[in-house]
Ligand SMILES: *Cc1c(COP(=O)(O)O)cnc(C)c1O
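The following block contains the structure:
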C-alpha cells in the first residue's frame, strides 16, 4: 500500500468531526510530500528540531502540530510557525509558550496533556493538577495562549477494555472542562486521543482528533 492509499483508507473511516494529524516523526521529507500531494495538510512531529527542519523544506500551507514532550528552552524555535502544541503538561511550560508568543505577537493554541495510562513513563497531568492550572491567576493572565482542549495516550496494551476505560476517563475530564464558562484563553473544543492501534476505539469514546503515524507511513 502506498502512503496515498493508506491516507485515503483511513480518511474514509473518519467521521467528519474528527481531524487527522499525520504523524511523520522520523520519516523523510519525501514521504511527507507524498502525503501532502495526496491532500494532507496537518502533520505531527515530536521533536522541535526535526519539525523545524521539515517546516523549512516543505510547502508553507502546512499546519504543524507538536505532539511530543516539550522542553521549555526549545519552545522559542517553533513559536513562529507551530499551529497546535498537544503535550503541554505544566504551568511553567505554558508560561514560556505565552512569553514567546508575546515576543512573536502570535496567539498559540495548546492542548493540556492528561495522564490516563498505567505506565509511569507517560507524561501528563491528573485531574487536580489540570484544575489547579486553569484556575490559577497566572493562567488567567496569559494573553497569547488559548487552551483548546485535552490530549492523552492510552496504555500500550492489547487489552481493549483497559484502553476503552482510559479513553472514557479522558472524555469525562474533557466533558467537565467543556462545561466551565469559556474565557479568552480556555475554549475547549478538541479532544486529541487515538493512534494507529486504537483510533477507532478512541473515536467511539469521543475523540475529535486522531494522531496516526505508522498506519500511514509504515513502521518506524
Ligand atoms: C508517535 C506518536 C503517535 C503516532 O503513533 P502510531 O502508533 O505510529 O500511529 C501518536 N501520538 C504521539 C504522542 C506519538 O508520539
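Residue numbers (this note's numbering): 21 to 240. Even glycine gets a Cβ: it sits at the ideal position worked out from N, Cα and C.
Buried or exposed by the 16-neighbour rule on C-beta atoms within 10 Å, applied to residue i
i           : result
residue 218 : buried
residue 44  : buried
residue 239 : exposed
residue 84  : buried
residue 66  : buried
residue 181 : exposed
residue 88  : buried
residue 186 : buried
residue 47  : buried
residue 91  : exposed
residue 64  : buried
residue 231 : buried
residue 233 : buried
residue 205 : buried
residue 28  : exposed
residue 80  : exposed
residue 227 : buried
residue 86  : buried
residue 76  : exposed
residue 33  : exposed
residue 21  : exposed
residue 200 : exposed
residue 60  : buried
residue 120 : buried
residue 196 : exposed
Inter-residue CB distance, residue i and residue j (contact presumed, cutoff 8 Å)
i           : j           : result
residue 209 : residue 169 : 6 Å
residue 183 : residue 221 : 6 Å
residue 251 : residue 62  : The structure shown does not extend to residue 251, since the chain spans only 21 to 240, so no value can be given for it.
residue 55  : residue 23  : 5 Å
residue 26  : residue 236 : 5 Å
residue 139 : residue 175 : 6 Å
residue 106 : residue 171 : 4 Å
residue 229 : residue 72  : At roughly 22 Å, the Cβ-Cβ gap does not stay under 8 Å, so residue 229 and residue 72 are not in contact.
| task | Would you list the residues whose beta-carbon is nearer than 5 Å to any heavy atom of ligand 1, in the order they occur in the chain? | result | 43, 66, 87, 215, 216, 231, 232, 233 and 234
Could you say if the stretch 103-122 and the stretch 142-154 meet the contact criterion of at least three C-beta pairs nearer than 8 Å?
yes
Extract the residue ranges of the beta strand (DSSP E) inside the stretch 40-68, only unbroken runs of 3 or more that lie entirely within it.
62-65
Enumerated in chain order, which unbroken segments of the beta strand (DSSP E) with a length of 3 residues or greater are wholly contained in the stretch 155-220? 165-172 and 206-212
Review point. Are the stretch 118-138 and the stretch 159-176 touching by the rule of at least three beta carbon pairs closer than 8 Å?
Key: yes
Margin query: Please give the ranges of any alpha helix (DSSP H) in the stretch 77-110, keeping only runs that are unbroken, at least 4 residues long and fully inside the region.
Written below: 95-98
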